[in-house]
Amino acid sequence: MTDSARRRARVRAPELTGKGGWLNTGDKQYTLADLRGRIVVLDFWTFCCINCLHVLEELRELEEKHRDTVVVIGVHSPKFVHEAEHRAVVDAVERYGVEHPVLDDPELATWKQYAVRAWPTLVVIDPEGYVVAQHAGEGHAHAIEKLVEELETEHAAKGTLRRGDGPYVPPEPEPTVLRFPGKALLLPGGTFLVSDTTRHQLVELAEDAETVVRRIGGGARGFADGGPGEAAFNEPQGLALSEDGTAVIVADTVNHALRRLDLATGGVTTLAGSGRQWWRGSATSGPAREVDLSSPWDVAVFGAKVWIAMAGVHQLWTYDPATATVAVAAGTTNEGLVDGPGAEAWFAQPSGLAATADRLWLADSETSALRWVDLDGHVHTAVGTGLFDFGHRDGPAGQALFQHPLGVTALPDGSVAVADTYNHALRRYDPATGEVSTLAADLREPSDAVLVGEDIVVVESARHRLTRLRLPEEAVRVEAVAHRTQRAATEVAPGRLRLDVIFQAPDGQKLDSRYGPSTRLLVSATPPELLLEGEGADTDLSRELELNPAVAEGVLHVSAMAASCDDDPANLYPACHVHQQDWGVPVRLTEGGADRLPLILAGMEER
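So the sequence shown is residues 52 to 658, counted in our numbering.
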């Protein structure tokens, strides 16, 4: 047995249960016993979460390289009410090209059994059915692959490793013109350009919004410039017409890039992005092709620059065509809802943009908010209260609710249409009256909309089509519904609470302290009055908090980062890795509640 095997803690893995059943298995239902002999990686995810989508990409190479020994299982654990719908999970699995079994756990049963607190979380189970590692957040694929190789060696020697085909069974493809389209754009000639996201293409449709004029891109995941047949995209989303009307800027989301489509020739070139994902410590400005981006979801021309909804890092960036440079314009990378000067504002997965002469409107999806940026770069919130409140409620903006909107469209009268995605509705906010109303319901995951004369054409992403609606003179009223995130609150004692973020550097690595502290911990609360002491940033991953006994419940927001490098004295340039995660932990203050809150960034809690 290796030294690492002797050191590794093992805990018997709880059973996998989920009321929604299994997907991508050919209708077969599985238990852990069925997977004995394989290395199992559980990916606790929810499809609204951009960090979860990043992890899906990180796992693809691991799945392919260790296909005969590793079984990745997605445990879908919803945040929003819509994500608990089985049909929505089925759609998401296809939309994001998930090529492993998925357990639909709408009631968070397995999430609770594994004591998961964050999306995404990865849990590794060895061939004998024991949990041997847990990691929260992104960037852990390198550590998990090293562990997988150790487990393969260890269990092959013990005779407990079983090789062979996994349980994944791909679904049958559907013959639709579009497949989970993301965004749409009205072109100068009256046709529509649509990002056909799941098929990794751009599609130009005729004025009827149905007939295909041409397709741009080969249709397989890739990153290549060239003509309409040679170019390759990876889940493209946002589209914006260049100022001269000759080209379209494309948010090529999973390639972490901006692309340019020449409308005359159909040729595609790359404007910005290295193709690598941005990590803390990467450049935040510079020559556009040299700077890393992170899941750009939408683009809009505002103030002579191309603004980018950088969903992956909860920021707004800009691309300057005059200098071919990019730079952060607003947001700190902290996830939440904070207004103010751009450098101090917090966003949560901005996913839709629309520009007017004096405002840049944005759909801030994870806070279910409609927000805007003024010409001075200050950020304002029109509708929305934070990460955990959502629903379908019309009326005054202060009480109105959306549910994970992905698109926003400026209307001629100065109001704004919001693609209220998880409410299956098109909503309207009128700045003149401060009122929110419903323009249309019974859409299916609308993700964008474009104006065409007196009509509005909606991208019905989960119906794989564009739908034309007449803008009504008066909005339709719907019965108000409000929700909060359904995760159970953690009961903690009022007063002193010790917060411990557990981080163990992967085998063969050590904390990187060459340039100063290698860890960072940021803590805040909603409402702010919940925390009497302990708010703010520091380098220690443990902290004593003081909770206000006068506040019955709230949310602790915790953001942790740790940097580790290969521990090889002979290597002058060791490979380094950043591990980071944001938690929103609902808490309820109860006498006799816990006085310690452990959060696992990477490793195992000592028992």
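Ideal Cβ positions, reconstructed from N, Cα and C, are used throughout, including at glycine.
Model, not experiment: these values are computed from the prediction.
Does the Cβ-Cβ distance between residue i and residue j come in under 7 angstroms?
i, j, result
"Arg478", "Ala540", "no"
"Glu496", "Thr472", "yes"
"Leu438", "Ala399", "yes"
"Leu548", "Asp646", "yes"
"Leu110", "Val123", "yes"
"Trp73", "Pro152", "yes"
"Leu83", "Gly215", "no"
"Leu494", "His515", "no"
"Val509", "Ala260", "no"
"Val602", "Glu580", "yes"
"Asp247", "Pro232", "yes"
"Gly71", "Pro157", "yes"
"His251", "Arg266", "no"
"Val264", "Ala275", "no"
"Ala351", "Ala406", "yes"
"Pro65", "Gln164", "yes"
"His534", "Gly442", "yes"
Tell me the DSSP bridge mates of residue i?
i, result
"Lys561", "Cys616"
"Asp328", "Reading off the sequence, residue 328 comes out as Gln, not Asp. Looking at the DSSP assignment, Gln328 forms a beta bridge with Leu344."
"Tyr480", "Val467 and Val487"
"Arg293", "Residue identity differs from the one stated: residue 293 is Ser in this sequence, not Arg. None; Ser293 has no bridge partner."
"Ser336", "Ala378"
"His630", "Ala613"
"Thr172", "Phe95 and Ala187"
"Phe554", "Ala653"
"His431", "Trp423"
"Arg660", "Look at the range of the chain in this structure, 52 to 658, and you will see that residue 660 is not part of it."
"Phe398", "Glu386"
"Gly391", "Val430"
"Thr460", "Ala468"
"Ala308", "Asp303"
"Glu604", "Arg639"
"Asp506", "Val503 and Arg521"
"Glu584", "Glu597"
"Val264", "Paired residues: none, contrary to the question."
"Pro239", "For Pro239, which the question treats as bridged, DSSP gives no partner whatsoever."
How is the beta strand (DSSP E) around residue i delimited, first residue to last?
i, result
"Thr204", "Per DSSP, Thr204 belongs to no beta strand (DSSP E); it is in the alpha helix (DSSP H), Ala192 to Lys209."
"Trp368", "Gln366 to Asp371"
"Val247", "What sits at residue 247 in the sequence shown is Asp, not Val. It spans Phe243 to Asp247 - the beta strand (DSSP E) in which Asp247 sits, taken as one unbroken run."
"Leu154", "Val153 to Asp155"
"Gln185", "Tyr181 to Ala187"
"Lys356", "Lys356 to Met361"
"Thr541", "Thr541 to Val543"
"Thr321", "Val319 to Ala323"
"Glu134", "Neither: Glu134 is in no beta strand (DSSP E) and is coded neither H nor E."
"Ala257", "That residue, Ala257, is in no beta strand (DSSP E); it is neither H nor E in DSSP."
"Thr577", "Thr570 to Thr577"
"Val501", "Pro497 to Val503"
"Ser35", "This structure leaves residue 35 out entirely; the chain is present only between 52 and 658."
"Glu225", "Neither: Glu225 is in no beta strand (DSSP E) and is coded neither H nor E."
Kindly give me the distance between the Cβ atoms of residue i and residue j, rounded to whole angstroms, as I take these residues to be in contact under 8 angstroms.
i, j, result
"Ser416", "Ser402", "4 angstroms"
"Ser610", "Asp633", "5 angstroms"
"His663", "Arg422", "What is shown of the chain runs 52 to 658, which leaves residue 663 out entirely."
"Ala298", "Leu314", "6 angstroms"
"Glu584", "Glu604", "With 8 angstroms as the limit, Glu584 and Glu604 do not qualify as a contact, their Cβ atoms being about 19 angstroms apart."
"Leu113", "Ala192", "6 angstroms"
"Ala169", "Gly188", "7 angstroms"
"Leu550", "Leu648", "5 angstroms"
"Leu229", "Val254", "6 angstroms"
"Ala378", "Thr335", "7 angstroms"
"Gln631", "Met655", "Rounded, the Cβ-Cβ distance is 19 angstroms, inconsistent with contact."
"Ala380", "Leu367", "5 angstroms"
Where do the N-terminal and C-terminal ends of the alpha helix (DSSP H) with residue i fall, by residue?
i, result
"Gln454", "That residue, Gln454, is in no alpha helix (DSSP H); it is neither H nor E in DSSP."
"Arg138", "His137 to Arg146"
"Leu113", "Ile101 to Lys116"
"Ala41", "This structure does not reach residue 41, given that the chain is present from 52 up to 658, and the question cannot be answered."
Does the beta carbon of residue i sit closer than 7 angstroms to a beta carbon anywhere in chain D?
i, result
"Lys561", "Among the chains of the structure shown, chain D does not appear; only one protein chain is present."
Taking one C-beta from the segment 112-125 and one from the segment 351-365 each time, how about it: are there three or more such pairs within less than 8 angstroms?
By the Cβ criterion, the segment 112-125 is not in contact with the segment 351-365, since fewer than three pairs of Cβ atoms, one from each stretch, lie closer than 8 angstroms.
Contact between the segment 129-141 and the segment 90-103 (3+ Cβ pairs under 8 angstroms)
Contact holds: three or more Cβ-Cβ distances are below 8 angstroms.
Pairing CB atoms from the segment 449-462 with CB atoms from the segment 180-196, are three or more of them under 8 angstroms?
Contact between the segment 449-462 and the segment 180-196 is absent, with fewer than three C-beta pairs closer than 8 angstroms.
Across the segment 304-311 and the segment 339-351, are there enough close Cβ pairs to call them in contact, namely three or more that are closer than 8 angstroms?
Contact holds: three or more Cβ-Cβ distances are below 8 angstroms.
Under 8 angstroms: do the segment 234-241 and the segment 75-93 share three or more Cβ pairs, one atom per stretch?
These segments do not touch.
Three-pair Cβ contact test at 8 angstroms for the segment 320-336 versus the segment 361-371
By the C-beta criterion, the segment 320-336 is judged to be in contact with the segment 361-371, since at least 3 inter-stretch pairs fall below 8 angstroms.
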